[in-house]
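J.: The structure follows.
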Amino acid sequence: MKKTIEDYQYENKRVIIRCDLNVPIKNGKITDDTRIKESLKSLNYLIEHQAKIIILAHLGKVKTLDDKKENTLYPVYERLKEYLNTNVYFSHETRGQNLEKIVFNLKPQEVLLIENTRYEDFPNKLESNCDEELSKYWANLGEIFINDAYGTIHRVHASNVGIAKILPSAIGYLVENEVSKLDEILAEDTHPYTLVMGGKKVSDKTLVIDNLINKCDHLLLGGGMCFTFLKAKGINVGLSLVDDDNLSYCKKILNDYPDKVVLPIDIVTKDNEIVDISEIKDNSIGYDIGPKTIQLFEAILQKSKRVILNGPMGVFEESPFDKGTKAIYEVLKNNKVKTLIGGGDSAASVNQLGYGDAFFHISTGGGATLEYLSGTKLKALEVISEK
Ligand code: ADP
Ligand code: MG
């Protein structure tokens with residue numbers, strides 16, 4: 607078991623906390639501050655327990671000098687000041703004397719937000735390559751390290767793996783919640799257990815399928831992904847999204863698990879026509895699952911005890927191609943099926959379609975969750991101190 611934020615004493619200690627404050631910003635204005643709000647629980651715990659708090663966080667990618675201007679955490683600092691009932695400081699530099707001066711003058715309960723860790727990526731990728739010297743420099747600013755940034759927990763960066771290798775460490779509330787929800791649903795033995803997969807590319811999902819197909823009872827396929835499987839069965843999919851490099855992979859899955867894989871029987875085309883899959887025209891593009899497929903999937907989902915879903919069933923961003931995705935969420939909600947939704951776009955679709963509170967868990971970290979579902983160890987979690 608990994609240590610959690612409640613496993614240390616913080617009074618008067620300098621605590622480095624890696625937060626996920628990677629919020630969308632347009633023209634200097636934050637357009638959605640969910641991530642800031644979600645980070646407050648761990649921050650307030652440290653404040654209550656008299657820590658001196660140093661926040662490290664990233665914002666976007668920094669590959670050029672212009673990226674630096676665009677991706678400053680200053681707007682996040684201003685928002686944090688509104689939310690935190692204490693003194694909050696900002697360091698414009700990611701290392702140096704000014705930064706150290708603030709750090710070593712912090713009083714208990716005070717907070718310092720350091721500028722975007724990825725400033726260190728220009729020009730030498732020091733943060734993203736987990737540079738040893740940078741890791742040591744940051745680690746020396748604190749005495750304890752908390753990782754509360756789930757979105758980058760699968761990465762090997764100086765601000766997560768680098769520091770955790772040096773300081774006593776623990777996970778924050780957000781990471782704890784994400785990992786415990788994933789562990790719970792993956793480990794329990796309730797059946798029927800259904801995997802629902804859609805979204806864009808087969809290539810992004812083969813590792814998840816490989817890891818879960820033996821354990822689940824059904825694999826329902828929709829989204830853009832299903833067309834490579836349909837083509838692998840010899841069905842004409844017109845101009846629908848196909849990942850030709852994975853045709854033989856799909857053939858093998860269909861061959862090895864004929865009783866588990868359930869494919870669409872009808873689709874909705876980009877021209878908003880409903881067609882059976884045997885009648886897809888050469889110039890048609892599949893944009894959603896059709897009504898008969900919805901019924902077929904509903905029948906299986908109604909009986910399911912446990913569902914892991916990754917990838918929307920159609921191009922949900924464009925109405926009316928959100929119908930299939932919405933229908934699946936509706937049946938899962940109405941039947942109170944224990945459902946975990948993973949994947950960045952899947953989480954966005956759940957919120958957009960109004961199902962934000964309907965499920966057991968909606969995982970916030972796209973790439974991290976896909977890696978976990980693939981059975982891969984999360985590298986920045988592995989290095990956290992054991993209880
Ligand atoms: P996640 O981020 O949840 O893992 P993906 O990134 O794999 O999901 O896929 C999400 C994208 O897949 C969405 O932008 C959606 O528009 C697209 N998509 C869904 N169905 C189709 C389709 N039939 N054709 C093309 N794109 C699709
Ligand atoms: Mg995606």
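Quick note on numbering: the sequence shown equals residues 607 to 993 in my numbering.
Backbone N, C-alpha and C define an ideal beta-carbon position, used for all residues, glycine too.
Take E977 as the anchor and find which of L712, G948, F966, D639 has the nearest alpha-carbon.
T.: Sequence index remark: in the sequence shown, residue 977 carries index 371 (1-based). Among L712, G948, F966, D639, the Cα nearest to that of E977 is on G948.
J.: Is it right to say T670 is buried, meaning 16 or more other beta carbons lie within 10 angstroms of its own, or is it exposed?
T.: Taking the first residue of the sequence shown as 1, we reach residue 670 at position 64. T670 is exposed by the Cβ-count criterion.
J.: Assuming A663 contacts R624 (C-beta within less than 8 Å), just tell me the rounded distance between them.
T.: Working through the sequence shown from its first residue, we reach residue 663 at position 57. Working through the sequence shown from its first residue, we reach residue 624 at position 18. The pair is a contact, with the Cβ atoms about 7 Å apart (cut-off 8 Å).
J.: Whole angstroms is fine: what's the gap from L959's alpha carbon to I769's?
T.: Here the question's residue 959 lines up with position 353 in the sequence shown. Here the question's residue 769 lines up with position 163 in the sequence shown. The alpha-carbon atoms of L959 and I769 are separated by roughly 39 Å.
J.: Might you give, ordered along the chain, the residues of its own chain that have their beta carbon closer than 7 Å to the beta carbon of K675, omitting 5 neighbours on each side?
T.: Residue mapping note: residue 675 aligns to position 69 of the sequence shown, counting from 1. Contacts found: none.
J.: Three-state secondary structure (DSSP) at A974?
T.: Translated into positions along the sequence shown, residue 974 becomes position 368. Looking at A974 - three-state DSSP - the assignment turns out to be helix.
J.: With DSSP run on the structure shown, which of helix, strand or coil describes S786?
T.: Position 180 of the sequence shown, counted from the first residue, corresponds to residue 786. Here S786 sits in helix by DSSP.
J.: Which value, in whole angstroms, describes the spacing of the CA atoms of C822 and K608?
T.: Indexing the sequence shown from 1 puts residue 822 at position 216. Indexing the sequence shown from 1 puts residue 608 at position 2. Between C822 and K608, the C-alpha separation is close to 28 Å.
J.: Entirely within the stretch 905-957 and at least 4 residues each: give me those alpha helix (DSSP H) ranges in chain order.
T.: Within the stretch 905-957, the complete alpha helix (DSSP H) runs of at least 4 residues are 929-940.
J.: Taking only heavy atoms of the ligand MG into account, decide whether any of them is closer than 7 Å to the Cβ of G829.
T.: For the purposes of this step, residue 829 is taken as the residue at position 223 of the sequence shown. No - the ligand MG has no heavy atom lying nearer than 7 Å to the Cβ of G829.
J.: Using the DSSP secondary-structure output, state which residues sit across from M803 in a beta bridge.
T.: For the purposes of this step, residue 803 is taken as residue 197 along the sequence shown, with counting starting at 1. The partner list for M803 (beta bridge, DSSP) reads L827, N916.
J.: Compute the distance between the beta-carbons of D588 and D872, then report whether it is under 8 Å.
T.: Any property of residue 588 remains undetermined from this structure, which presents the chain solely from 607 to 993.
J.: Does the beta-carbon of A793 have 16 or more other beta-carbons within 10 angstroms, so that it is buried, or is it exposed?
T.: By 1-based counting over the sequence shown, the position of residue 793 is 187. Exposed.
J.: Which residues end up in the neighbourhood of the ligand MG when you take C-beta atoms closer than 5 Å to any of its heavy atoms?
T.: Taken from the N-terminal end onward, the list reads G950, D951.
J.: When you compare only the Cα positions, how much space is there between I660 and I611?
T.: The residue given as residue 660 occupies position 54 in the sequence shown. The residue given as residue 611 occupies position 5 in the sequence shown. Cα to Cα, the separation comes out at about 15 Å.
J.: When you measure from the CB of D816 to every non-hydrogen atom of the ligand ADP, does any distance come out below 7 Å?
T.: Indexing the sequence shown from 1 puts residue 816 at position 210. No; taking the cut-off as 7 Å, the Cβ of D816 has no heavy atom of the ligand ADP nearer than that.
J.: Are D880 and G896 touching if we call contact CB-CB under 8 Å?
T.: On the sequence shown, residue 880 is found 274 positions in, with the first residue counted as 1. On the sequence shown, residue 896 is found 290 positions in, with the first residue counted as 1. As written in the sequence, residue 880 is Ile, which differs from the Asp given in the question. A contact, by the Cβ cut-off of 8 Å.
J.: Report all residues from its chain with a CB closer than 6 Å to the CB of N693; omit the five preceding and five following residues, and keep chain order.
T.: As a first step, residue 693 is located in the sequence shown; it is residue number 87 there, counting from the start. Taken in chain order, the residues that qualify are E716.
J.: Would you decide whether A905 is buried or exposed? Buried here means 16 or more other CB atoms lie within 10 Å of its CB.
T.: Position 299 of the sequence shown holds residue 905. So A905 ends up on the exposed side.
J.: Considering only their Cβ atoms, is the gap separating V867 from I859 smaller than 8 Å?
T.: For the purposes of this step, residue 859 is taken as the residue at position 253 of the sequence shown. For the purposes of this step, residue 867 is taken as the residue at position 261 of the sequence shown. Cβ atoms of I859 and V867: closer than 8 Å.
J.: Is the beta carbon of R620 closer than 8 Å to that of L712?
T.: Looking up residue 712 in the sequence shown gives position 106. Looking up residue 620 in the sequence shown gives position 14. Yes; because the gap between Cβ atoms is below 8 Å, this pair is in contact.
J.: Along the chain, where does the alpha helix (DSSP H) containing F710 start, and where does it finish?
T.: Position 104 of the sequence shown, counted from the start, is the residue given in the question as residue 710. Note, F710: alpha helix (DSSP H), 703-711.
J.: Between V668 and N677, what straight-line distance do the alpha-carbon atoms span, to the nearest angstrom?
T.: Locating residue 668 in the sequence shown gives position 62, counting from the first residue. Locating residue 677 in the sequence shown gives position 71, counting from the first residue. Answer to the nearest angstrom: the Cα atoms are 7 Å apart.
J.: Hey, would you say the C-beta of P870 is under 7 Å away from at least one heavy atom of the ligand ADP?
T.: Counting from 1 along the sequence shown, the entry for residue 870 is found at position 264. No, the beta carbon of P870 sits no closer than 7 Å to any heavy atom of the ligand ADP.
J.: For the 8 Å Cβ check, are there 3 or more pairs between the stretch 976-992 and the stretch 806-823?
T.: Flag = yes, the stretch 976-992 and the stretch 806-823 touch.
J.: Measure the alpha-carbon distance for N940 versus G778 and round it to whole angstroms.
T.: On the sequence shown, position 334 is the one that residue 940 refers to. On the sequence shown, position 172 is the one that residue 778 refers to. Answer to the nearest angstrom: the Cα atoms are 33 Å apart.
J.: Under DSSP, the beta strand (DSSP E) around F696 begins and ends at which residues?
T.: Start at 1 with the first residue of the sequence shown, and residue 696 comes out as number 90. 694-697 is the span of the beta strand (DSSP E), which, as asked, contains F696.
J.: Let's test the definition: count the other Cβ atoms within 10 Å of the Cβ of K811 and tell me whether it reaches 16, buried, or not, exposed.
T.: Indexing the sequence shown from 1 puts residue 811 at position 205. So K811 counts as buried.
J.: Where does E992 fall in DSSP's three states?
T.: On the sequence shown, position 386 is the one that residue 992 refers to. Looking at E992 - three-state DSSP - the assignment turns out to be strand.
J.: Alpha helix (DSSP H) containing T670: first to last residue?
T.: Stepping through the sequence shown from its first residue, residue 670 is reached at position 64. Run containing T670: none; DSSP gives neither H nor E here.
J.: G666 to P864, Cα distance in whole Å?
T.: The residue given as residue 666 occupies position 60 in the sequence shown. The residue given as residue 864 occupies position 258 in the sequence shown. So the alpha carbons of these two residues sit roughly 42 Å apart.
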